[in-house]
Structures are given as C-alpha cells and as structure tokens.
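The block underneath contains the structure these notes are about, expressed in structure tokens.
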Amino acid sequence: MKNKLKIGIVCYPTYGGSGVVATELGIALAEAGNEVHFISYDQPFRLDLFSEKIYYHEVAVADYPLFEFTPYELNLTSKLVDVVLHEKLNILHVHYAIPHASAAVNAKQILATHGINIPIITTLHGTDITLLGKDKSFKPVIEYAINMSDSVTVVSEDLKRETLDSFNITNYIDTIPNFIDIDLYQQDLDVDLRRKIAKHDQFILTHISNFRQVKRVEDVIKIFAKVNKEIKCRLLMIGDGPDRLKAEELSRKLGVSKDVEFLGKLKVIEKMLSISDIFILPSSTESFGLVALEAMASKTAIISTNSGGLSEVNIEGLTGFLSDVGDVEKMTRDTLKLLRDKSLLDTFKTNALLHAKKFDITNILPKYKSIYYKLCNIEK
Ligand code: GMT
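Numbering (this note's numbering), first residue to last: 16 to 395.
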C-alpha cells in the first residue's frame, strides 16, 4: 500500500484541547499529503482554512418525537460506516472515548459485514477517563471501546496510570503528548498590543479555558486579587463556560473588576499569550494542559497545580511553579516571587520556551504516523 493515507478523524468541535489536538493533527497530516476527513456534529473551531486534502462530514442528529433523548452515537456510527465505505478510508482516528471510540468500534463491526477491516486508533484525552471513567454507568462501555480499539494512545504518563488504574485494560497503551507548532507562536513582544492592555509598569497575567468546574476559575480571580494588592497588574480571562458568571461576580466582590478583562472565546490566542508574563492554570484535574504548553511556546511562565499530567509540562522551579489543588496562598506567593524578580521571571520565560520546543509537532507527528503505518501494514 502507498504511504499516503485516507484518514478519518472524529473529534469534539468545541473550544477545548482534544478538538485542538485532533484538528492540528489533521491539518499537519493533510500538509504531508494525506487525505483527511473530519467527522463531527459541527465544524471543529480551529478548522477554518481551505485545503484540497481536507474534508468535513457533518453528523446530522435525528430528532424524532419518539426520542426523548437524541441517540447521537447511533447517528455517528452510521456516518462513520458511510464515510469509510464511500471515501474508502484506510484508518479511523477517534479522539475521546465516548461516544467516539465506542461509535467507531460499532462501525468497525458493521463494516466487517461488508468485508472491510478498518483499523481504529483511539486517543484518550483526560476527562473521558478522569471524570466520565469514574461514573459506573459509563465504565463498561469505555472499557470495551478501549480494549476493542486496534491502538490506544494517551496524552501523558499520568493519564496512562489513571487509565490502567480505573479499568481492566487488555490493550497496550502508548503515550503521545500534546504538541504545538512552535512557528505559530510569537515570542517577540507586540509592544502596541501590550500598551493597549496594560500600563508600562503593569504585568499581564492570563488564564484560558472553557470555564468548567475543573478549571477552578474562581481561584484565578482570588490569586489575582491578592497579587494585585502588592504589585499592579492586569488579568486576561479568555474563553467562556458555566463558571464565567461566578468569576465575574467574584472579581466585582473583590474589587478588581476594572483590572480583569473577560475576552470570551478568542480564536487566536497566540497574540494575547505573547504579551502575557504569567499564565495561571489552577485546575483540579488536567491530563496534560495543552493551553499551558501554548503559553510556554509564547514565552510565558506558568503557575499551575500539580494535578494529573501538569508536572510533565510545567517543570517545577524551571518553567514555573506547581501547587496542590486549591492552595491559592502558595500560588499567590509563587506569582509574587516571579513578579518581584525580573531576572528570575525572564529566566523562567526562556526556560518555558525551550521546554515547549520539545513538544513541537515535528517531534510528535512521526509518533502518530508510525502507529498509522503499523496498523495499515505500510513499510516506513
Ligand atoms: O480541558 C478541557 O476541559 C478540555 C479537554 C478536552 O477534552 O478537550 O481537554 C483535555 O484534553 C486536552 C488535549 O489532550 C488536554 O491538554 C487537557 O489537559 C484535557 N483536560 C483535562 O484533563 C481537564
């Protein structure tokens, strides 16, 4: 078989790391000459370019009066069968265990009745294991989908441990970390943009997330309020989600709202990261923390918790500092330590960029390709 493949990618289209990884991977595979078919219920948010090698197949969701709950997984399964059959895909790469891996396993079985053996690679991203995996009502399905996949990858060593601890796994699991395209990030200061956001003597702190409970956005506001009492700075809150209102209210209550900008779901985050001094990620669980890596690629120091795989990204005392979940006092002290010592902050920023370079796509893409080639019986 030739080494250019037709690859189906299934992912969540929403503002979040797994969708970003899946989209950037698909774009890179298409640039390398493969044909890539994205399959989802909406256009992935970072898939905003035209390429003759990239296709998007929308999963229409059935809405019959009989259904109290719409069976998205069945619509997705049917779509996968249809796309594999008609586009003659060689492989399906599904991101997130449910319903994606589970639908793919079903589709594989249906396709077998057509005489087609489609290999499935499942990438686990985090909450599918750390949150949903703890829910007994999903456990048998997640476990089955993982064990029936032809290949399984996770985004950190920590997630691998969690997966093996939470399920009875019979499959081998490869760790392939999140990646960035280092060339997309600006490491030079955009002086004009910085001037619009902060005065010359103010530092800029930034947080980006989907504002879900696990992100602990109120901790970001608490840390900022304490830091701002000692050293004048501004806070950029990028993204949106269920806890945004709580964070806005808290910033008013703590009297810092004029120094906090809630910027919503910005698509291009690189510009804002390039003017940031410190990125704050106080998550209660984070399998990898792609957004921290994106901040590091923009030469920003990191204040984060030590949950999940964050310590594989943010290196204690080198690229930033790590704390226990909820330890707002320590995260405040660590932020002040960096802001009070310009040369320490600059060293951490430089270290962050150097460490981020290890996760450049040129180092990570070959790892996925080698799995595809193995599953499709292609000589490298
Ligand atoms: O963080 C989120 O809520 C989004 C979530 C997702 O599924 O898109 O992100 C997860 O996958 C990312 C890409 O692999 C990881 O970098 C994030 O750490 C992980 N989030 C959590 O584990 C909470």
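Built from N, CA and C at the ideal position, the CB exists for glycine as well. Small disclaimer: the values here were computed from a predicted structure and weren't measured.
Set against 7 Å, the gap from the CB of V98 to the closest heavy atom of ligand 1 is not smaller. Look at V51 here: in three-state DSSP terms it is strand.
With respect to the C-alpha of N183, the residue from E309, I157, D203 having the closest C-alpha is I157.
Distances taken from the Cβ of T320 to the heavy atoms of ligand 1 include none shorter than 7 Å.
At a Cβ-Cβ threshold of 8 Å, G141 and S302 count as neighbours.
Within the chosen limit of 7 Å, ligand 1 reaches the beta carbon of V229 through at least one heavy atom.
Counting the other CB atoms within 10 Å of its CB gives R210 a total below 16, which places it among the exposed residues. F53 is a Cβ neighbour of Y71, given a cutoff of 8 Å. When the alpha-carbon of T29 is set against those of I106, Y111, R249, the nearest one is in Y111. In this chain, E285 is not harboured by any beta strand (DSSP E); it is covered by the alpha helix (DSSP H) spanning 285-289. Per DSSP, reduced to three states, the secondary structure at G41 is helical. The shortest CA-to-CA distance from L250 to any of V283, N162, Q228, K214 is the one to K214. With fewer than 16 other Cβ atoms from the protein chains shown falling within 10 Å of its own Cβ, D180 counts as exposed. By the neighbour-count criterion, in which a residue is buried when 16 or more other Cβ atoms sit within 10 angstroms of its Cβ, T185 is exposed.
The beta carbon of Y56 sits no closer than 7 Å to any heavy atom of ligand 1. Three or more beta-carbon pairs drawn from the stretch 308-318 and the stretch 368-377 are found closer than 8 Å, and the two stretches are therefore classed as touching. In the three-state scheme derived from DSSP, where H, G and I count as helix and E and B as strand, S166 is classed as strand.
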